[in-house]
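Structure first, commentary second.
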Amino acid sequence: LIVSSLLVFFMKKEKLKFLEPIEDIETQEKKTISFVCKVNRSEVTVRWMKAGQEVTLSKRIVYRADGLKHTLTIKDCAMEDEGEYTAMVGDDKCAAELIISEAPTDFTGQLRDQTITEFEDAEFTCKLSKEKAAVKWYKNGREIREGPRYLSYFASHDILIIKVCRPDDECEYACGVDERRTRARLFGGESNWVTTGEVLVKEQLVVPEVKIKLDGTLVVRAGDSFAVEAIVKGKPQPDVKWTKDETTEEIKKGPRLQLETGADFSKLLITGARRTDSGKYVVTASNSVGTSSAKCRINVLDRPGPIRDLKVSDITIDRCNLAWEVPEDDGGCDIYNYIIEKCETKRGVWSVHSNAVITNKAKV
Numbered sequence: 001l002i003v004s005s006l007l008v009f010f011m012k013k014e015k016l017k018f019l020e021p022i023e024d025i026e027t028q029e030k031k032t033i034s035f036v037c038k039v040n041r042s043e044v045t046v047r048w049m050k051a052g053q054e055v056t057l058s059k060r061i062v063y064r065a066d067g068l069k070h071t072l073t074i075k076d077c078a079m080e081d082e083g084e085y086t087a088m089v090g091d092d093k094c095a096a097e098l099i100i101s102e103a104p105t106d107f108t109g110q111l112r113d114q115t116i117t118e119f120e121d122a123e124f125t126c127k128l129s130k131e132k133a134a135v136k137w138y139k140n141g142r143e144i145r146e147g148p149r150y151l152s153y154f155a156s157h158d159i160l161i162i163k164v165c166r167p168d169d170e171c172e173y174a175c176g177v178d179e180r181r182t183r184a185r186l187f188g189g190e191s192n193w194v195t196t197g198e199v200l201v202k203e204q205l206v207v208p209e210v211k212i213k214l215d216g217t218l219v220v221r222a223g224d225s226f227a228v229e230a231i232v233k234g235k236p237q238p239d240v241k242w243t244k245d246e247t248t249e250e251i252k253k254g255p256r257l258q259l260e261t262g263a264d265f266s267k268l269l270i271t272g273a274r275r276t277d278s279g280k281y282v283v284t285a286s287n288s289v290g291t292s293s294a295k296c297r298i299n300v301l302d303r304p305g306p307i308r309d310l311k312v313s314d315i316t317i318d319r320c321n322l323a324w325e326v327p328e329d330d331g332g333c334d335i336y337n338y339i340i341e342k343c344e345t346k347r348g349v350w351s352v353h354s355n356a357v358i359t360n361k362a363k364v
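FYI, UniProt numbering numbers position 125 of the sequence shown as 125, with every residue one higher than the one before it.
Listed below in structure tokens is the structure:
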């Protein structure tokens, strides 16, 4: 009698569940937070929900799985991110609250000292991290009350205007929000005074202003002439200089280059334009009150330079492959076509093989 038996083991796979659930988080606006949980199996995906809707992932909201550890990171938290978040895996889930408090208002741009002459208006500008914050303005430590000579308003940033300045306005001013302060001084500018009998004449000082009569980039062909004109204002009359690109070296007159400057303008004229004339031109006006500048861009178009690194491969009796690198100088605009010519060795005559090659390789 032969007796045989078979013993079979069935192993039931453990249900998916959380080993460590996510926890409540309290933070401030603009901060970065991370909900972290652990599950009992690797290579699974955790679903993230908020208010019954699946969380939309982005560059700001990032989900990462690392073995058993799963993380939902929210960068640059905003008030609308506040709420209950739920993590779900299999039939198991866990939830936690994200509580966000408003970040304190801070200064993103400090007050700057101002220099004006008597009877002019002064303007202080204060930039804050939040729009329409409750700011207060101070003069020598005392809060300023709005009136005919003191005006404050908001227009993308907070502004204080002091109308028709007098000598007693020359002091320290401050902008305050909560316990924070930014301070600056108002100075009386230099003036030239001339006394003639009973009449006192004062020369007004004006910070330079420069504006170039050009919208966008000026495109010219090689060999042509071009002119760039700038309107220049300021008292006393500003000194004007032209520079090119990132250098501080002043542009000088030459055989191809003329400079003309008058009471309210400055003009740069270049004849026989070359590719090397392309670039950013800056005109700067300076006087005893301050400095101002404006810039424009010139693009001189010319034929492109030669192709680089020509390679011939897969040569047969009547065929070969050509490949090359684009020219170092594209002539000022994108290259959209190449022309391939061939020369028969017996005839010694060049002829066009193809005039519609749009890439930098071809079979010929």
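Note that beta-carbon positions come from the ideal geometry of N, C-alpha and C, so glycine has one too.
Rounded to whole angstroms, the separation of the alpha carbons of Asp-121 and Phe-187 is 12 Å. Per the coordinates, the alpha-carbon of Cys-171 lies some 56 Å from the alpha-carbon of Ile-22. Looking at Phe-18, Ile-25 and Gly-290, the one whose alpha-carbon comes closest to that of Ile-99 is Ile-25. A check of alpha carbon separations from Leu-310 across Val-349, Lys-346 and Ala-362 identifies Ala-362 as the nearest. By the criterion of at least three beta-carbon pairs nearer than 8 Å, the segment 202-213 is not in contact with the segment 248-261.
In the three-state reduction of the DSSP assignment, Asp-309 falls in the strand class, which pools E and B. If you compare the alpha carbons of Glu-97, Tyr-173, Met-49 and Arg-149 with that of Lys-163, the shortest gap goes to Arg-149.
The beta strand (DSSP E) runs of length 3 or more contained entirely in the segment 251-285 are, from start to end of the chain, 257-261 and 265-270. DSSP places Pro-208 within a strand segment (E or B) once states are collapsed to three.
Cβ-Cβ distances below 7 Å link Asn-140 to Cys-171 and Glu-172 in the same chain, with the five nearest sequence neighbours on each side left out; the list follows chain order. Around the beta carbon of Leu-19, a 10 Å sphere encloses fewer than 16 other beta carbons of the protein chains shown; the residue is thus reported as exposed. Between Ser-266 and Val-282 a beta carbon distance of about 12 Å is seen, past the 8 Å cut, so the two are scored as non-contacting. Rounded to the nearest angstrom, the gap between the Cα atoms of Glu-250 and Thr-217 is 21 Å. A direct Cα-to-Cα measurement between Asp-215 and Glu-229 gives close to 12 Å.
Apart from the 5 residues on each side of it in sequence, Gly-332 sits with its Cβ closer than 7 Å to the Cβ of Arg-275, Ser-278, Asn-299, Val-300, Leu-301 and Asp-302 in its chain, given in chain order. Listed in chain order, the beta strand (DSSP E) elements of length 3 or more contained wholly in the UniProt domain "Ig-like" (14-101) are 18-20, 25-28, 33-39, 47-50, 61-66, 69-74, 83-89 and 92-101. Apart from the 5 residues on each side of it in sequence, Val-289 sits with its Cβ closer than 6 Å to the Cβ of Leu-205 and Val-207 in its chain, given in chain order. Distance between Asp-106 and Asp-168, taken at the CA atoms: about 30 Å.
Beta-bridge annotation (DSSP): Tyr-150 is paired with Ile-162. Using a 10 angstroms sphere on the CB of Pro-238, the tally of other CB atoms reaches 16 or more, which defines it as buried. Annotation: Phe-119 is outside any beta strand (DSSP E) and is labelled neither H nor E by DSSP. Secondary structure of Asp-215 (DSSP, three-state): coil. Assignment of Asp-239 by DSSP, reduced to helix, strand and coil, places it in the strand class.
In this structure Trp-242 is buried. Its beta-carbon is surrounded by 16 or more other beta-carbon atoms within 10 angstroms.
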